[in-house]
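Numbering (the numbering used here), first residue to last: 1 to 304. The beta-carbon is built from N, C-alpha and C at its ideal position, and this holds for glycine as well. Report on the following structure.
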Ligand SMILES: [Zn+2]
């Protein structure tokens, strides 16, 4: 399974930021075992071009971001401050990784992953909650308008609702959005996905996996030609921002349910999503499980 990754995913966030920026480099190192067995390959993304961003975002916002002229309030709302010169190229490479993973599965089938992103809180004209541009919305629209998919499913299992994705993609023909999330968690004003599964704090494995099962049944009914999967692991019981109390085993079962539901002809792009345990190692473990499950699925059903 190809995994897009660049050192700027970590280095492009200032060392003094409160965000746990080391999650990217730590996961990349934890994937050495899968690299050694040939289950994954690491590829380096090119920065996305501006026109690709405009498929899902307002030109004024895009240009002010690219020229480092967002105002302090807008930067605070993104939440990865302090601003650093490396932040713009980092953002462009992360979206580039998602776009290249989409192009790859379109050509070859199987599963491909970006070792960052899943930036579902980004709206058309502003960023929010660690998200600048919305890679899921960009890829969904690119999948339809450039790659000619007619039915695209966006499955968001991150503990936070995919509000930006839902808003940008609202009413877009051929695209459905599904979000399983904590009802009392950020974003506190929820958007309306095509299908929402709000869960109470402390839900635990059984309730979470039931919602995942129901969301997969919706996808099966829709019969998509491609799945865009925001696979955040912040529902994990150790997560500092999650509050859903799902065990590591529960997360493994979740991953297996999603990947085994993929008809072998359906390509899938994996977007990393959230995960913020303290210490961060629990999150890295859960992401390792996720990438291993994705790579094993790709080895079974992907290109040969
Ligand atoms: Zn999240």
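Through-space distance from residue j to residue i, alpha-carbon basis
i           : j           : result
residue 210 : residue 192 : 20 Å
residue 204 : residue 247 : 7 Å
residue 34  : residue 294 : 11 Å
residue 327 : residue 32  : Absent from the structure is residue 327, since the part of the chain shown begins at 1 and ends at 304.
residue 123 : residue 301 : 34 Å
residue 197 : residue 180 : 5 Å
residue 234 : residue 63  : 32 Å
residue 36  : residue 30  : 11 Å
residue 280 : residue 18  : 13 Å
residue 183 : residue 244 : 10 Å
residue 152 : residue 132 : 23 Å
residue 110 : residue 103 : 11 Å
residue 169 : residue 52  : 15 Å
residue 27  : residue 221 : 34 Å
residue 249 : residue 113 : 22 Å
residue 82  : residue 223 : 43 Å
residue 256 : residue 38  : 20 Å
residue 101 : residue 226 : 12 Å
residue 54  : residue 207 : 38 Å
residue 48  : residue 91  : 9 Å
residue 89  : residue 95  : 10 Å
residue 188 : residue 199 : 13 Å
residue 116 : residue 216 : 23 Å
residue 290 : residue 228 : 15 Å
Other residues of its chain near residue i: CB distance less than 6 Å, five sequence neighbours each side excluded
i           : result
residue 125 : 58 and 61
residue 150 : 174
residue 108 : 303
residue 278 : 240
residue 43  : 2 and 4
residue 273 : 118, 158, 230, 231 and 232
residue 219 : 153
residue 297 : 111 and 259
residue 87  : 12
residue 201 : 184 and 243
residue 56  : 134, 137, 138, 141 and 168
residue 97  : 4, 45 and 114
Terminal residues of the alpha helix (DSSP H) in which residue i lies
i           : result
residue 167 : 163–169
residue 212 : 204–222
residue 285 : 281–301
residue 139 : 135–145
residue 25  : 23–30
residue 2   : Unbroken run through residue 2 is the beta strand (DSSP E), 2–4; no alpha helix (DSSP H).
residue 312 : An answer regarding residue 312 cannot be provided, because it is not within the stretch 1 to 304 covered by the chain.
residue 126 : Counting along the chain, residue 126 falls outside any alpha helix (DSSP H), and DSSP gives it neither H nor E.
residue 258 : 248–261
residue 226 : From DSSP, residue 226 is part of no alpha helix (DSSP H) but of the beta strand (DSSP E) over 226–230.
residue 13  : Careful: residue 13 lies outside any alpha helix (DSSP H) and carries neither H nor E.
Cut-off 7 Å between Cβ atoms - residues of its own chain near residue i, not counting five sequence neighbours on either side
i           : result
residue 186 : 129 and 160
residue 276 : 20, 234, 239, 240, 241 and 283
residue 77  : 126, 127 and 128
residue 286 : 233, 236, 248, 251 and 275
residue 165 : 120, 134, 136, 137, 154, 156 and 177
residue 212 : 157, 180, 254 and 257
CB contact check: residue i to chain B, cutoff 8 Å
i           : result
residue 221 : Chain labels in this structure do not include chain B; a single protein chain is all it has.
Enclosing beta strand (DSSP E) for residue i [first to last residue]
i           : result
residue 65  : Looking at the DSSP string, residue 65 is not in any beta strand (DSSP E); the run it does join, the alpha helix (DSSP H), is 59–66.
residue 88  : Here residue 88 belongs to no beta strand (DSSP E); instead the alpha helix (DSSP H) covers 87–108.
residue 154 : 152–156
residue 196 : 195–199
residue 114 : 111–114
residue 180 : 175–182
residue 40  : Here residue 40 belongs to no beta strand (DSSP E), and DSSP marks it neither H nor E.
Other residues of its chain near residue i: CB distance less than 8 Å, five sequence neighbours each side excluded
i           : result
residue 41  : 1, 2, 3 and 35
residue 253 : 205 and 209
residue 292 : 34 and 39
Within 7 Å of ligand 1: residues by beta-carbon to any heavy atom: 158, 159, 160, 232, 234, 241, 273 and 274
The segment 137–153 / the segment 69–87 touching (three or more Cβ pairs under 8 Å): no
The segment 261–271 contacting the segment 8–15, beta-carbon criterion three pairs below 8 Å: no
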